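Report on the following structure.
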Amino acid sequence: MIRYHALGELPRKKHIQFRDADGNLYAEQLFSTHGFDGPMTTMYHINLPTEVKAWEDMGSVKPVYLEDEPLRHRHLKTAQLVPHGDFVTGRKVLMGNGDCTWAQALVAEPMAVDRFFKNADADEIYFVHDGDGMLESMYGNVEIRKGDYVVVPRGTIYRMSFNTYPVRLVVMESFTPVTTPRRYRNAYGQLMEHAPFTERDFRPPHELVTKKIRADHNVIVRSRGRHTLYTFPYHPFDIVGWDGFVYPVAFSIHDFQPITGQLHMPPPIHQTFATGGFVVCSFCPRILDFHPEAIKIPYNHSNVDSDEVLYYCNDKFGSRKGIQEGSITLHPLGIPHGPQPGAVEASMPHTETKELAVMMDTFKPLKLTADAVAIEDPDYWKSWQTPTEGNGLDDPGR
Numbered sequence: 069m070i071r072y073h074a075l076g077e078l079p080r081k082k083h084i085q086f087r088d089a090d091g092n093l094y095a096e097q098l099f100s101t102h103g104f105d106g107p108m109t110t111m112y113h114i115n116l117p118t119e120v121k122a123w124e125d126m127g128s129v130k131p132v133y134l135e136d137e138p139l140r141h142r143h144l145k146t147a148q149l150v151p152h153g154d155f156v157t158g159r160k161v162l163m164g165n166g167d168c169t170w171a172q173a174l175v176a177e178p179m180a181v182d183r184f185f186k187n188a189d190a191d192e193i194y195f196v197h198d199g200d201g202m203l204e205s206m207y208g209n210v211e212i213r214k215g216d217y218v219v220v221p222r223g224t225i226y227r228m229s230f231n232t233y234p235v236r237l238v239v240m241e242s243f244t245p246v247t248t249p250r251r252y253r254n255a256y257g258q259l260m261e262h263a264p265f266t267e268r269d270f271r272p273p274h275e276l277v278t279k280k281i282r283a284d285h286n287v288i289v290r291s292r293g294r295h296t297l298y299t300f301p302y303h304p305f306d307i308v309g310w311d312g313f314v315y316p317v318a319f320s321i322h323d324f325q326p327i328t329g330q331l332h333m334p335p336p337i338h339q340t341f342a343t344g345g346f347v348v349c350s351f352c353p354r355i356l357d358f359h360p361e362a363i364k365i366p367y368n369h370s371n372v373d374s375d376e377v378l379y380y381c382n383d384k385f386g387s388r389k390g391i392q393e394g395s396i397t398l399h400p401l402g403i404p405h406g407p408q409p410g411a412v413e414a415s416m417p418h419t420e421t422k423e424l425a426v427m428m429d430t431f432k433p434l435k436l437t438a439d440a441v442a443i444e445d446p447d448y449w450k451s452w453q454t455p456t457e458g459n460g461l462d463d464p465g466r
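Quick note: the sequence shown, position 55, residue 123 per my numbering, numbers continuous.
Written out as C-alpha cells, the structure is:
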C-alpha cells in the first residue's frame, strides 16, 4: 500500500522456475488490482491456490437498511452493545451505502483455530479501540495495538486474535481501494514533507510464517454480499515468499502528526485515508488555534455533499455535549451542524485539546440499520436548542 515490500524466498526473476530443495515447483500467483494497472503482489505457494476440497453456501450477509428514515442528526451509543462472536461474526453493520459500510464489533472470542476469513468484496479499515493482538495473514504477521488502524486489502486470507477479550473494533468496508491521500504523495508515490505521517509510521507484515500442513482448513469468503465456506486440503498460509505493493498494514492514530494554524483549519488537514467513496480523518491531541481572537472549535458547517460520521475514542471532544467514549454521531447532508450552545465561549481559554476521534465523510448519503436505531439517543437533536428554564437542556451532563 505504501511502498514495495518483500518477505521470504524469491526467485531472481518473475515467471521463471522456482523449486524447493526436493525439486518440487512452487506455484506462482499474481495478485493484481484494477486489472493489471493497479498495485500488485507476486507470491509463491507450496500448494496450488486453486485446489479446493469442498464449499458450502453460508447465506446472505447483506445489510438490511431502513427506508424512509427521517432526516436528523443521530447519536449512537455503542457502549450499549454486548460482547458477541469473533472479529467477523461479531460485527454489527450500523450504516452504509453503495460505497461503504460502517460496523461496530465488541468481539467476545477468537475465531476457531482452523478457520480464516477473506473479504473479496471490499478493502477493510479496522480501528482498534482497545486490545492488543496479532493479524495473521498469508502475507505474514502484523502486530496489533490499541489505537491502530489496520488496513486489509480485499482478497487477503487472514485472521485476528487478541490477548484479552472483549475487544472494541470499528470496521469500515470500502468497495474501492484504500490509499493515502494523493496530495500527500509526489509523482513517484513517496510521501512528501507536508504529509502528517511518513512511510516509517506504517507497519507491514514483519514475519512470514509458512505452513506446510496438509490438512483441512476452512476459509469464509465474503463475495457479492454472501458468505461461502471453502475447505482447502492444506493450510492457506503456504506462501514461501512474496513481493509487491499489496499487503496489510497497521498505522497508529497516535503516530498521526496534527497540522495546526493561527485560525481554525478545515477537516481535510486531518485526512488519513482516501477511497473512491469516502475519506477517513483522525482528530488527535494538538495545540489549538493561536490567533489572539481565534475561535478555537469548528464553525457551523453545512454538509452539502457529504454525510459525516464521528467515532469518539474519548469524551474530550470540545464542540460536543453528552458524548461518551465509544459514541458515534451522524451529521447528514441537508442540515447544518456545529458546536452546541455554550461550547464556543467555553473553548476560549484553552490552548490545547486532548480529543481523539475517527471521522468518515461519505460522498453519498448513508442509510441506517435497525441495529443502529436500537442504540440511538433519540434526543440528540435537541442538544442545539438554547437552554431555558424548565426544558431540561441546562443540565451540564447533556
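Here a beta-carbon is modelled for each residue, glycine too, at the ideal position from N, C-alpha and C.
Small disclaimer: the values here were computed from a predicted structure and weren't measured.
*Report the rounded CA-to-CA distance for G153 versus H83, giving the unit in angstroms.*
The count along the sequence shown starts at 1 and reaches residue 153 at position 85. The count along the sequence shown starts at 1 and reaches residue 83 at position 15. The alpha-carbon atoms of G153 and H83 are separated by roughly 42 Å.
_Beta-carbon spacing of K384, K422 below 7 Å_ = The count along the sequence shown starts at 1 and reaches residue 384 at position 316. The count along the sequence shown starts at 1 and reaches residue 422 at position 354. A contact, by the Cβ cut-off of 7 Å.
*asked:* For Y379 and V220, I'd like the C-alpha separation in whole angstroms.
replied: As a first step, residue 379 must be located in the sequence shown, where it is residue number 311. As a first step, residue 220 must be located in the sequence shown, where it is residue number 152. Between Y379 and V220, the C-alpha separation is close to 20 Å.
*What do you reckon, are the CB atoms on D189 and N231 nearer than 7 Å?*
Counting from one through the sequence shown, the residue named residue 189 turns up at place 121. Counting from one through the sequence shown, the residue named residue 231 turns up at place 163. No, the pair does not count as a contact, with Cβ atoms beyond the cut-off.
_I need the DSSP call for R466, collapsed to helix, strand or coil._
Here residue 466 is taken as the residue at index 398 of the sequence shown, counted from 1. Model confidence at R466 stands at a pLDDT of 33, short of 50, so the residue's coordinates are unreliable; what they give is reported in the following sentence. Of the three classes helix, strand and coil, the one that applies to R466 here is coil, per DSSP.
*If you draw a straight line from the alpha carbon of E137 to that of K186, how long is it in whole angstroms?*
Within the sequence shown, residue 137 is the residue found at index 69, counting from 1. Within the sequence shown, residue 186 is the residue found at index 118, counting from 1. Between E137 and K186, the C-alpha separation is close to 33 Å.
*asked:* Considering Cα atoms alone, identify which of G106, T110 and M206 is closest to Q97.
replied: On the sequence shown, residue 97 is found 29 positions in, with the first residue counted as 1. Ranking G106, T110 and M206 by Cα distance to Q97 puts T110 first.
*Cβ shell of D167 (< 8 Å), same chain only, five flanking positions each side left out*: As a working note, residue 167 is residue 99 in the sequence shown. Within the same chain, D167 has close Cβ partners S242, F243, T244, T343, G344, G345, F346, T430, F431 and K432.
*To the nearest angstrom, how far is it from the Cα of A122 to the Cα of P272?*
Position 54 of the sequence shown, counted from the start, is the residue given in the question as residue 122. Position 204 of the sequence shown, counted from the start, is the residue given in the question as residue 272. Computed Cα separation, rounded: 32 Å.
_Reference V120, options P353, P264, W310 and D284, closest by Cα_ = Looking up residue 120 in the sequence shown gives position 52. It is D284 whose Cα lies nearest to the Cα of V120.
_7 Å Cβ cutoff, F155 in contact with chain C_ = The question asks about chain C, but that chain is absent: this structure has only one protein chain.
*Could you tell me if I70 is buried or exposed, where buried requires 16 or more neighbouring beta carbons within 10 angstroms of its beta carbon?*
Your numbering for residue 70 matches position 2 in the sequence shown. Its Cβ being crowded by 16 or more others within 10 Å, I70 is buried.
*Return the chain-ordered list of same chain residues with a C-beta closer than 6 Å to the C-beta of L276, the five sequence neighbours on each side being excluded.*
For the purposes of this step, residue 276 is identified with residue 208 of the sequence shown, where counting begins at 1. Cβ neighbours of L276 beyond the five flanking positions: L75, G76 and G208.
*Between E361 and S415, what straight-line distance do the alpha-carbon atoms span, to the nearest angstrom?*
The residue labelled residue 361 in the question sits at position 293 within the sequence shown. The residue labelled residue 415 in the question sits at position 347 within the sequence shown. Taking the straight line from one Cα to the other gives about 12 Å.
*Roughly how many whole angstroms lie between the Cα atoms of E413 and P353?*
Within the sequence shown, numbered from 1, the residue matching residue 413 stands at position 345. Within the sequence shown, numbered from 1, the residue matching residue 353 stands at position 285. Rounded to whole angstroms, E413 to P353 spans 20 Å at the Cα level.
*Can you tell me which of the three DSSP states D499 falls into?*
Here the chain has residues from 69 to 466 only, and residue 499 is not among them.
*Are the region 162-177 and the region 210-217 in contact at 8 Å, needing three or more beta carbon pairs?*
no
*Could you give the distance in angstroms between the alpha-carbon of A425 and the alpha-carbon of G406?*
Indexing the sequence shown from 1 puts residue 425 at position 357. Indexing the sequence shown from 1 puts residue 406 at position 338. Their Cα atoms are separated by approximately 16 Å.
*Tell me the start and end of each unbroken beta strand (DSSP E) in the region 162-198 that is at least 3 residues and wholly inside, in chain order.*
168-175, 183-187 and 191-196
*Can you name the start and end residues of the beta strand (DSSP E) that S350 belongs to?*
In the sequence shown, residue 350 corresponds to position 282, counting from 1. Looking at the DSSP string, the run of the beta strand (DSSP E) that includes S350 is F346 to F351.
_Mapping the DSSP letters down to three states, classify D439 as helix, strand or coil._
Position 371 of the sequence shown, counted from the start, is the residue given in the question as residue 439. Helix, per DSSP.
*When M260, A171, V289 and M428 are compared against R236, the one with the closest alpha-carbon*: On the sequence shown, residue 236 is found 168 positions in, with the first residue counted as 1. Measuring from the Cα of R236, the nearest candidate turns out to be A171.
*Which runs of the beta strand (DSSP E), 3 residues or longer, sit entirely within the region 256-332?*
285-291, 294-300, 307-312 and 317-320
_P532 versus N92: straight-line alpha-carbon distance, rounded_ = One cannot answer for residue 532 here, as it falls past the ends of the chain, which runs 69 to 466.
*If you drop the 5 nearest sequence neighbours on each side, which residues of the same chain put their C-beta closer than 8 Å to that of V129?*
Counting from one through the sequence shown, the residue named residue 129 turns up at place 61. Hits under 8 Å: R290, G293, R294 and H295.
*With DSSP run on the structure shown, which of helix, strand or coil describes P446?*
Along the sequence shown, read from residue 1 onward, the residue named residue 446 stands at position 378. The answer is coil: DSSP assigns P446 none of H, G, I, E or B.
_Going by DSSP, what residue range makes up the beta strand (DSSP E) through V235?_
The residue you call residue 235 lines up with position 167 of the sequence shown. V235 to S242 is the extent of the beta strand (DSSP E) around V235.
*Give the single residue among T278, K280, P301 and H274 whose Cα lies nearest to the Cα of N286.*
For this step, residue 286 is matched to residue 218 along the sequence shown. Closest option to N286, Cα to Cα, is P301.
*So is L436 buried or exposed if we call it buried at 16+ other beta carbons inside 10 Å?*
For the purposes of this step, residue 436 is taken as the residue at position 368 of the sequence shown. Classification for L436: buried.
*asked:* Less than 7 Å between the C-beta atoms of D306 and N165, yes or no?
replied: Indexing the sequence shown from 1 puts residue 306 at position 238. Indexing the sequence shown from 1 puts residue 165 at position 97. Cβ atoms of D306 and N165: not closer than 7 Å.
*What's the gap between the Cα of P264 and the Cα of R251?*
Position 196 of the sequence shown, counted from the start, is the residue given in the question as residue 264. Position 183 of the sequence shown, counted from the start, is the residue given in the question as residue 251. Each residue's alpha carbon lies about 11 Å from the other.
_Alpha carbons only, please: which of I403, V314, N371 and C349 is nearest the one belonging to F104?_
Translated into the one-based positions of the sequence shown, residue 104 becomes position 36. The shortest Cα separation from F104 among I403, V314, N371 and C349 belongs to V314.
*Taking just the CA atoms, how far does S205 sit from S350?*
Within the sequence shown, the letter at position 282 stands for residue 350. Within the sequence shown, the letter at position 137 stands for residue 205. Using only the alpha carbons, I get a separation of about 26 Å.
*Would you call the CB atoms of T397 and H143 closer than 7 Å?*
Residue 397 sits at position 329 when you count from the first residue of the sequence shown. Residue 143 sits at position 75 when you count from the first residue of the sequence shown. Closer than 7 Å, so yes.
_Contact set for S320: own chain, Cβ-Cβ below 6 Å, skip 5 residues either direction_ = Indexing the sequence shown from 1 puts residue 320 at position 252. Excluding residues within five positions, the ones whose Cβ falls inside 6 Å are G215 and D216.
_Once DSSP output is grouped into helix, strand and coil, what is the label at L461?_
For the purposes of this step, residue 461 is taken as the residue at position 393 of the sequence shown. Any reading at L461 must be qualified, since the residue scores a pLDDT of 44, below 50, and its modelled position is unreliable; no value is offered.
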